[in-house]
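J.: The opening residue of the sequence shown carries number 1 in full-length UniProt numbering; numbering runs sequentially from there. Built from N, CA and C at the ideal position, the CB exists for glycine as well.
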Amino acid sequence: MVSREQLLGWAHAALGYMENEKYAQAEAELRKILAVRPRDRFATRNLAICRELLFQQAGAGRDAAAITAARTQAEQAAAACAAVEPQSAIPRLLQARIAQTAGQEAAAVAHLEEAVRLEPQSPVAWWELYSALGGGQGLSSEQFHALPASRREALLAAGRQVDALQPDNWFFLKDWIHDLAAARQPDVRDVLERLRPQIAPFASFVEQDVRVNPLKFLDAAIQAAQDGQFAAVINALRPLVNVLLRPESPYDQGLLKKHSLEFVLRDFDAAFYAELGRPEVSAAAIPVRFVPFGTTPPELQDAPLRDMAWIDFDRDGWSDLAVLTADQLRVYRLTPAGEWQPAMAPLSLEGQWWRLYSADLDHDAEPPPSAADNNPSPLAGKNIPAADPDVLLAGPSGVLVLENRRAPDGSRSLVPIEQNPDWSKLRDVTALVLADLDHDGDLDVFVAASTGVHIGSQRGKLQFVDIADRSVLPPPGMTVLAATAIDWDRDVDVDLLLSTSTGLRLLENLRHGRFRDHPLDGLLSELAAATSLKVRDLDGNGAFDVVAAGPRGVQVVWREPPAAAAGVGRERNTELVMPAPVHRAALWDYDNDGLIDLVAASSSGIEIFRQVAPGKMERLKDALPGAAAEFVLPADIDQDGDFDLWTGPAATAWRNDGGNTHHWMTVHLFAQQEKGAARSDSKRVNHEGIGSLVELRAGERYQAAIVEGQSTHFGLGTATRADLLRVLWTNGVPNSYLSPAVDAHVFEEQLPIGSCPYLYTWDGARFVFCTDLLWNAPLGLRFAEGSVAPWREWEYLKIDGRRLQPREQRYELRITEELWEAAYFDQVKLFAVDHPREWQVFTNEKVGPADLATPLLHVVRNPRPPAAACDPRGRDVLRELLVADGEYARTYDRRLASGLVTDHFLELDLGDLAGARRITLFLTGWLFPTDTSLNVQLSQHPTGPRPRPPALWTPDARGEWREVRPFAGFIGGKPKTIAIDVSDVFTPGEYRLRIATNMEFAWDAAFFTVDETPLPFSVAESAAHLAQAGVSLPIAEESAVGNLPAFGEVRVRELPLRRADLHYRGFSQAVHRPGAGPEDYDYQRVSRESRWPPLNGHFTRYGDVRPLLLERDDHLAVFGAGDELELSFDAADDRLPAGWVRDFVLYNVGWDKDSVLNTVYGQSVEPLPFAAMTAYGHRDGHTRPLDAGYQRYLETYQTRRQNPAEFWNFVRSLDASTTVWPRSRFDGE
């Protein structure tokens, strides 16, 4: 007889396989259950889902027999599911999907009609029926009216049902408006007018990005509808859809377009447990007592507290106590002797303040503390600069911003920072959240007040500007009682969950400081009037649960993760933990067993609830005396590894005795950039990583938490080791760490990121890292808020012949995407450049517009070193510049942020060049860049520095230095050599110059040539590029490469591309070099595990992509993180003359888009770029025309999506074979 435990084991295994899209393995486990329980609802439905998805996979192939067998099995399983669940629409949805895959449209419609009959309030069923009838297919008016009348009526009826159930769903409305216009329905105007207030807040910001104002087109559509010009409605709608409705509707799409895995049942039903009983899974409790901690600050014994915070106020490595009373704010430190001492003079307050919030707001990191002999702090010896926390107070008087300042004598004070008049008018604050709401790297503030909802964007020096007018907010008059920050929909950005008198609402983050309000339905809509709102994965199942506390008691909504890994998940059940009203609740793992517990403050005292088993809370009886309490604050006061407890209003500390019997880990995040032993504040992320997601796997237990303060605590139970810690920082960058310490404070820093695809070449023995590509073609890169970078999609890059040698008569190149981005290649060519050994050749490539990068070949016969070279301090750096040897000259003093440094220059003295007609400067070096989000942050700070690209300065006749060329082009990314014509910048007789900037450049070599004229590299190619950019060639066409009488013989020939294969590879191990040089990458050591969050949209399918790379035709090879483009070119079969060598030029046409959260359309691989676009993805609001060839390209090649489960389930499904980048065991070791 099969036991309950065996059945549960098979069910657990099946769910695990389904989560990771291993449907055949899941099917095998489910069939074991059905062999014992043939009508089991859990197994029957999940088997139908597996077989429906297996049929989809088979349908994508060409094996007719396999397709037929998969279809038969899917139809049988779905029919069995319908028999077991006769009143559910879900089996009918599965049957409809099987019929659609089989091309049986009529059968699909019949199944969907039955689905809406069974569940008439299901927007999902109605939308699928609408789609099956032809809705959302972009039908013209002629095509629509060519449909049978009954089908037209059914389509419109289904659409109206969806519209009634989801009236604000952009994903649906973009199609519904089109279909209403095609059907010539007058009420299309009503729908358009309803849409206007939804998009108006976003219009001006969209116009900044793509030069198209969506309101212009919406108003044109409304007018056309009023005039009965329905074709004009459709024409006006297209740009509106392209620039706003389509890219900003993934959340709405998830409400209607459900993956079949969203219908998975995750547990057996009640009948199963009624028959077999529920297993007892309660964890054994360990003895824990709460005893008075001892003394509290004497000034507080008779002063009722309104709020408190446990923070390291002075950043000495020990936490301090900040307390808010009716008229003062005080901070105390606890001495090693157990005495409380003031950490600053009390701050007297005017007004009414009820809540205290604390975090570093101004990026003021200082050197780490030194260890005291008798009291070493957790920070001591870590060499981690730490920033002090600032403070915000909130209450009836509004919001008060206080800067934590350190005087020269070491004393500290909190100084009020005056805000702009509008911000100062806030009153009656009911909720406040500190989070990086616009993802620019500093903390912003969400405030709910009597005047409504406000979104304060920090603009430097603790100044906040309300940008709520960019967003669609909750209706006027709706009071927000509590709020919390959480990535609710797993798209990496920070959303806001709001508690109101009518239930929970979601402010969906549309990035760039824009939010969109959504009411939440189901169980979440029943959590009304909560004044305390907490979100955490309480039971370790991968879904964030919701804890709501207030006048209706304490409720927990237990949730399940999204079955398809992406999306919002679903609610399982609500547990009323405590029916009596509470003032405040908090989450903690007081016994360190790895399951999160609850503590609540109420009129009857402090109540503690232990999670005795996943998803089950029980009250801990008589844990604390029954005095009334208004707030609770869990904190590890004695830093012994378990949570103690502060309670108020009478300041009382309770020591946890016994909680650290179980193992534990406390994680501290520091957003530092590290290069060698040097560390600095990166400013890409707020200093403490507040809002980041921390995931931990220790043995069989998975935990996840959102960082809310200076530390994040995890209980580990009996686990003596932790396997993996992953931090997903608020800028979307993940870092993984193997085997972090147990029973310790773990300090983790943000690793630097870069951009652009990598190029590896075969050097005769192995593949070696060469450089990175597409630096001139960034898509959606912001220089500043409201300023988007231009692009130049072509480039000519030199490859040193020593790095590219033939391999079996082919030249082998590998282009990899190893970062969080997408690459788009339209054409790739390789040229062999043969020349005498004593000469060098360089292209004219550099970051800059076409007129600075005219495709030229510099043939260097007589390189000259500078006579002298120095940095701003006068330090001689000539030795570092004589040879490109990887020993870099760093000319700046210190780093201000990632990619931004103190003003610096490289000064070169070229000697006496009297009579020179042409002087060309060659510079070899590399650049560590800022990113688009950091650029936005810097642009918002009116008095702070912003990146300035290199400019040329020379002395005038009086010897005074002046700027002679504001922009000279620059090196992009990893090491490259650029050529700059400096013939016209000098004063006669004075041949010194400076390359001045505040960007993070380091220089490896510098030389120059005199009177050596470059030649056009390829006139046919160059003319086409330059004509498009409006630049004329300065040289005659007949002087093409290959006929160079002035320079002797230099041979250039194109090498045919024989093979181009796109496939998944993984991520190379970074190799850190000493000094100021960049990282290198070891191609032979690769981690194949998913590293980056998935992007939406379609990538190019794996396999042969050679046809896509031969011509410039907008037929792109599109690939993302972990992908590799393998290129093989014919090796020239002729032998080189004696004394000759061969170098190469790689010619690329393409673009690159990083996924940093302020990149325009950064979270999707789409829209696809094209040659004629005037703004990224668009030409005057229109995407590329769908001619027959382009349509075939999309249907044939653009069919692959990234699997979100590989990233989001990575830590939870970790096994012993996993290889993790960057700190891991790599293949090849």
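#1: Write down the C-beta distance between Ala1060 and Ala869 rounded to the nearest angstrom, noting that I regard them as a contact closer than 8 Å.
#2: For the putative contact between Gly1103 and Val1165, defined by C-beta atoms under 8 Å, what is the C-beta separation to the nearest angstrom?
#3: Please determine, among Asp422, Leu15, Arg873 and Ala651, the residue with the shortest C-alpha to C-alpha distance to Ala322.
#4: What residues are listed by DSSP as bridge partners for Ile706?
#5: Whose C-alpha, out of His687, Trp664, Gly659 and Asn660, is nearest the C-alpha of Ala671?
#6: For Arg570, which of Val557, Ala580, Pro581 and Met578 has the nearest alpha-carbon?
#7: Could you name the residues of the same chain whose beta carbon sits closer than 6 Å to that of Val936, not counting the 5 residues immediately before and after it, in chain order?
#8: Using the C-alpha atoms, what's the distance from Tyr23 back to Leu524?
#9: Starting from the Cα of Gly136, find the closest Cα among Lys257, Asp219 and Leu218 and give me that residue.
#10: Taking the Cβ atom as the reference point for each residue, do Ala483 and Ala431 lie within a distance shorter than 7 Å?
#11: Tell me which residues share the same chain as Gly780 and place their Cβ nearer than 7 Å to its Cβ, disregarding the 5 neighbours each side in the sequence.
#12: Closest by CA to Arg71, which one among Leu1186, Ala99 and Phe769?
#13: I'd like the list of long-range same chain contacts for Leu462, defined as Cβ closer than 7 Å, with 5 residues on each side in sequence excluded.
#14: Within the chosen definition, does the stretch 903 to 918 reach the stretch 869 to 881 through at least 3 CB pairs nearer than 8 Å?
#15: From the DSSP output, read off the bridge partner residues of Pro778.
#16: Can you tell me where the beta strand (DSSP E) with Trp654 in it begins and where it stops?
#17: Taking His835 as part of the beta strand (DSSP E), name the residues at either end of that continuous run.
#18: Here's a check: name, in chain order, each residue in its chain whose Cβ is nearer than 7 Å to the Cβ of Ala548, leaving out the five neighbours to either side.
#19: Rounded to whole angstroms, what's the CA-CA distance from Gly1075 to Ser682? Just pull it up for me.
#20: Let me know the alpha helix (DSSP H) ranges lying completely inside the stretch 232 to 256, each 4 residues or longer, listed in chain order.
#21: Phe293 by DSSP, collapsed to three states: which one?
#22: Would you decide whether Met1 is buried or exposed? Buried here means 16 or more other CB atoms lie within 10 Å of its CB.
#23: Measuring CB atoms only, is the stretch 35 to 45 touching the stretch 284 to 291, in the sense that at least three cross pairs come out at less than 8 Å?
#24: Would you report the Cα separation of Gly255 and Ala231, rounded to the nearest angstrom?
#25: According to DSSP, is Asn935 helix, strand or coil?
#26: Alpha carbon to alpha carbon, what distance is there between Ala832 and Asn862?
#27: For Asp1123, which option in Val1050, Gly972, Leu1110 and Ala822 has the closest C-alpha, if you only look at C-alpha atoms?
#28: Going by DSSP, what residue range makes up the alpha helix (DSSP H) through Glu105?
#29: Quick one: what's Tyr332 bridged to in DSSP?
#30: Ignore the nearest five residues each way along the sequence and tell me which others in Gly1139's own chain have a CB closer than 7 Å to its CB.
#31: Give the C-beta separation of Leu443 and Ala449 to the nearest angstrom, bearing in mind that I take them to be a contact with Cβ-Cβ under 8 Å.
#32: Residue range of the alpha helix (DSSP H) that Met617 falls in?
#33: Below 8 Å, how does it come out for the stretch 297 to 315 and the stretch 323 to 333: are there three or more Cβ pairs, yes or no?
#34: Quick check on Asn420: buried or exposed, where buried means 16 or more other Cβ atoms within 10 Å of its Cβ?
#35: Please name the residue, chosen from Ala82, Ala80, Gln87 and Arg51, that lies closest to Pro73 on a Cα-to-Cα basis.
#36: Hey, quick one: how far does the beta strand (DSSP E) through Trp1003 stretch, first residue to last?
T.: Per the coordinate set shown:
#1: Incorrect: roughly 43 Å between the Cβ atoms, too far for contact.
#2: About 18 Å separates the two Cβ atoms, so there is no contact after all.
#3: Ala651
#4: Leu693
#5: His687
#6: Val557
#7: Asp440, Arg782, Glu785 and Asn1158
#8: 31 Å
#9: Lys257
#10: yes
#11: Val788, Lys1153, Thr1159, Val1160, Tyr1161, Gly1162 and Tyr1176
#12: Ala99
#13: Leu361, Asp362, Asp390, Val401, Glu403 and Ile417
#14: yes
#15: Asp1152
#16: Thr652 to Asp657
#17: Glu821 to Pro836
#18: Ser499, Leu527, Ala530, Leu533 and Gln555
#19: 19 Å
#20: 250 to 256
#21: coil
#22: exposed
#23: no
#24: The sequence shown places Leu at residue 255, not Gly. Their Cα atoms are separated by approximately 29 Å.
#25: helix
#26: 22 Å
#27: Ala822
#28: Glu105 to Leu118
#29: Leu321 and Pro342
#30: Pro836 and Arg837
#31: Actually they do not touch by this definition, with Cβ atoms about 19 Å apart.
#32: Not the alpha helix (DSSP H): Met617 falls in the beta strand (DSSP E), residues Lys616 to Leu620.
#33: yes
#34: exposed
#35: Checking the displayed sequence, the identity of residue 73 turns out to be Gln instead of Pro. It is Arg51 whose Cα lies nearest to the Cα of Gln73.
#36: Arg992 to Val1010
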